[in-house]
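One structure is given here, and the rest of the page talks about it.
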Amino acid sequence: MNLLKDFCKYLGKITTIEETYIYLLVATTIVFLMFLGLRKFGKFIINKKFTDRKGFYITQSFLMILNIIEILCFLFVWDDYIKDLMTLISVVSAALTIALRELILNFFCGLYIKIKKPFVVEDRIQIDDLKGDVMNISTLNFEVLEVSNKDERGQSTGIVITFPNSIVFSKAIKNINKGFKYVWDELTVNIKMDCDLAKNKQELYKIVNGLEIVKNIPNKMKEEVDAVNQTNRVYFNKYDPIIYTKLVGDHIELTIRYLMHPKKSRYVESVIWNKIYLSYKEGIIDLYTGTLED
422 MNLLKDFCKY LGKITTIEET YIYLLVATTI VFLMFLGLRK FGKFIINKKF TDRKGFYITQ
482 SFLMILNIIE ILCFLFVWDD YIKDLMTLIS VVSAALTIAL RELILNFFCG LYIKIKKPFV
542 VEDRIQIDDL KGDVMNISTL NFEVLEVSNK DERGQSTGIV ITFPNSIVFS KAIKNINKGF
602 KYVWDELTVN IKMDCDLAKN KQELYKIVNG LEIVKNIPNK MKEEVDAVNQ TNRVYFNKYD
662 PIIYTKLVGD HIELTIRYLM HPKKSRYVES VIWNKIYLSY KEGIIDLYTG TLED
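Dropping the structure here:
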């Protein structure tokens with residue numbers, strides 16, 4: 422620090438410019454160049470280590486943190502001289518706060534999203550009637566790839582919706598993936614009243630448990646519940662697929678309940694129905710088609 426002041430004093434004698442202004446100019450330039458170098462070096466390291474999309478989001482977070490530190494350094498350099506301008510700055514900052522209220526609010530809400538993580542990239546969320554998968558979270562807003570809102574299995578519509586970050590405080594956000602990666606899915610199969618109930622249920626269990634994508638999820642879900650239970654009390658008494666029975670009019674309603682990733686739910690449902698249809702054609706499952714045979 423003394424070396425810098427001596428250098429500024431020397432420049433002041435040469436240029437006849439007041440030493441104070443030279444110090445501010447030199448110190449500001451040093452801070453600017455230092456953080457410019459840190460940005461380039463940090464981006465180089467991140468891009469070298471992460472070659473996929475993940476590197477992009479890590480870079481954004483790194484640059485946001487670096488910008489905050491840089492502003493603090495500038496404030497430290499100018500601290501002694503800002504005090505004399507506090508009145509003017511107060512008036513200007515008040516005017517800017519009013520004019521840039523939304524930008525400032527979105528910026529700090531962006532920090533809240535990064536720190537508290539009410540949702541992260543790839544989470545499926547719902548705000549009012551709009552539902553989709555989070556694509557990107559930036560300083561001022563986040564983007565969501567819309568999915569069909571008919572049910573939890575909604576598929577992408579191809580429409581990208583941009584929300585301001587401040588919406589996290591003004592709207593209730595439903596996060597389908599928060600806490601648990603998997604959700605309970607249900608599929609209802611109607612069978613004839615006079616069928617062999619045990620045989621039909623056995624075949625349905627065979628179909629559902631025979632799918633690798635379903636078979637491996639219960640153990641993963643147990644691990645997630647154990648992790649969440651370290652901070653929150655969550656209780657599930659069953660993780661494996663189960664079939665519930667209900668008599669409805671002139672047929673039996675079997676509801677298959679199983680764990681599934683919400684983004685794969687529709688595909689798995691289609692696979693299960695294909696297998697059920699093949700079993701029906703082979704005479705193993707007695708599907709109720711609306712009329713009973715005499």
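Count the sequence shown with this note's numbering and you get residues 422 to 715, in order.
The beta carbon of each residue, even a glycine, is placed where N, CA and C say it ideally should be.
Boundaries of the alpha helix (DSSP H) in which residue i is found, first to last residue
i           : result
residue 697 : 686-702
residue 534 : 522-537
Reduced DSSP secondary structure (H/G/I, E/B, other) of residue i
i           : result
residue 683 : helix
residue 624 : helix
residue 577 : strand
residue 471 : coil
residue 710 : coil
residue 586 : coil
residue 381 : Shown here, the chain extends from 422 to 715; a query on residue 381 therefore has no answer.
residue 597 : coil
residue 669 : strand
residue 663 : strand
residue 548 : strand
residue 489 : helix
residue 705 : coil
Rounded C-alpha distance that separates residue i from residue j
i           : j           : result
residue 695 : residue 641 : 26 angstroms
residue 701 : residue 673 : 15 angstroms
residue 711 : residue 623 : 23 angstroms
residue 690 : residue 664 : 15 angstroms
residue 617 : residue 626 : 15 angstroms
residue 595 : residue 452 : 43 angstroms
residue 479 : residue 697 : 45 angstroms
Extent of the continuous beta strand (DSSP E) run through residue i
i           : result
residue 563 : 562-568
residue 636 : Residue 636 -> not in any beta strand (DSSP E); alpha helix (DSSP H) instead, spanning 633-636.
residue 543 : No beta strand (DSSP E) holds residue 543; DSSP gives it neither H nor E.
residue 556 : 551-558
residue 606 : 604-613
Minimum Cβ-Cβ distance from residue i to chain B less than 7 angstroms
i           : result
residue 559 : Among the chains in the structure shown there is no chain B, since it carries only a single protein chain.
Problem - Meets three-Cβ-pair contact criterion under 8 angstroms: the stretch 447-455 and the stretch 475-489 - result: no
Exercise for the section: Determine contact between the stretch 557-566 and the stretch 604-621, defined as no fewer than three beta-carbon pairs at a distance below 8 angstroms. Expected result: No: the two stretches stay apart, fewer than three of their Cβ pairs being nearer than 8 angstroms.
Exercise for the section: Inspect the CB distances between the stretch 629-636 and the stretch 678-690 and report whether three or more fall short of 8 angstroms. Expected result: yes
Exercise for the section: Would you be able to state if there are at least three C-beta pairs under 8 angstroms between the stretch 530-546 and the stretch 575-593? Expected result: yes
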